[in-house]
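In this note's numbering, the protein residues as written are 50 to 377. Heads up, the thing below is written out as structure tokens.
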């Protein structure tokens, strides 16, 4: 062991001061990072709310500044407003996002089909009343799957409320319904004779999975919870009757397609179409059918399935953001 001589004190003190300065600098740099990651609240958190509409508790998600442009997001089958969570986390800093659950879906009330009409006309009426209850006078309508027939009915009833339309895998042309709709059309023609076939075709675990994955070769990109959670929802008491009633009414959408197309051709709305090319629910020709009605429509076909947000949330959020910015 070497002795410590008094003559070494100046050098020792100099080194000690340097160590102290470096330690303080590290602490200064680390504290803000810790505060940002652990203590500061999210600027625009998502709120999970319920409001009474036509005697029903309607659940909805809401985020973003209320004075920003509003996006009203309408979900598909058998999903709920939960499907839009990826957009909430990516767009709520710039836009006001509202995503409700329809009656019979998610966390909204599930009234008995014996006393409640599960039809798309009824849904559109309730969703219009929902927007009025929230004081939404102008909004961009984002429609996915069932959101299309609900949203187009809302649009034709109150066209003055619509700033623009965003369509994600939602059909408004008969040719958009492919070969797997054959048993579903048979169900519309004769419900009693085809009810059990329809329930197997539409509501099984295999079909619920296929809605997400389609024929995407990159199956490992999909979280299995997406379809197992939805199948658990479909397996709840009363759901089979609810979904059968609603899907039987889907035939009225096909009858309404010409009216929706005529409205688009006449009004030429600002239109963004986003499509998953691995979607087996609808035909890949459908995006271009929209462009026939609205030649200036912005159309994007992505490497995704029916629920394109499953795997392309960043890309879709960017497309929606760019589209919304061009409205200003």
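Virtual Cβ for every residue (Gly too), placed ideally from N, Cα, C.
Counting along the chain, where does the alpha helix (DSSP H) carrying residue 316 start and finish? Indexing the chain shown from 1 puts residue 316 at position 267. Membership of residue 316 in the alpha helix (DSSP H) is indicated by the continuous run 300-316.
Could you pull out every residue in the same chain whose Cβ sits closer than 8 Å to the Cβ of residue 232, ignoring the five residues on either side in sequence? For the purposes of this step, residue 232 is taken as residue 183 along the chain shown, with counting starting at 1. Taken in chain order, the residues that qualify are 243, 246, 247 and 250.
Looking at C-beta atoms only, is the number of pairs between the region 150-159 and the region 103-113 that lie closer than 8 Å three or more? yes
So residue 326 packs on residue 320, CB below 8 Å; how close in whole Å? Position 277 of the chain shown, counting from 1, holds the residue named residue 326. Position 271 of the chain shown, counting from 1, holds the residue named residue 320. Contact flag wrong, Cβ pair sits at about 19 Å.
Just mark residue 363 as buried or exposed, buried being the case when its beta carbon has 16 or more other beta carbons within 10 Å. What you label residue 363 is simply residue 314 of the chain shown in a count that begins at 1. Counting Cβ neighbours within 10 Å, residue 363 comes out exposed, since fewer than 16 surround it.
Let me make sure I understand the geometry here. Which of 360, 194 and 370 has the alpha-carbon closest to that of residue 267? In the chain shown, counting from the first residue as 1, residue 267 sits at position 218. Nearest option by C-alpha distance: 360.
Give the single residue among 358, 180, 95 and 132 whose Cα lies nearest to the Cα of residue 207. Looking up residue 207 in the chain shown gives position 158. Shortest Cα-Cα distance from residue 207 to any of 358, 180, 95 and 132 involves 180.
Using a Cβ-Cβ cutoff of less than 6 Å, which residues in the same chain neighbour residue 162 once the five nearest sequence positions on both sides are dropped? By 1-based counting over the chain shown, the position of residue 162 is 113. Around residue 162: 290, 291 and 294.
State the DSSP-derived secondary structure class of residue 111, mapped to helix, strand or coil. The residue you call residue 111 lines up with position 62 of the chain shown. Strand.
Boundaries of the alpha helix (DSSP H) in which residue 176 is found, first to last residue: If you number the chain shown from 1, residue 176 lands on position 127. 169-183 is the span of the alpha helix (DSSP H), which, as asked, contains residue 176.
Using alpha carbons as the reference points, say which of 96, 114, 109 and 134 lies closest to residue 366. As a working note, residue 366 is residue 317 in the chain shown. Per the Cα distances, 134.
First through last residue of the alpha helix (DSSP H) which encompasses residue 364: The count along the chain shown starts at 1 and reaches residue 364 at position 315. Per DSSP, residue 364 belongs to the alpha helix (DSSP H) from 358-374.
If you draw a straight line from the alpha carbon of residue 222 to that of residue 303, how long is it in whole angstroms? Counted from its first residue, the chain shown places residue 222 at position 173. Counted from its first residue, the chain shown places residue 303 at position 254. The alpha-carbon atoms of residue 222 and residue 303 are separated by roughly 8 Å.
Counting only C-beta atoms, is residue 246 closer than 8 Å to chain C at any point? Going by chain labels, chain C is absent from the structure shown, which holds only one protein chain.
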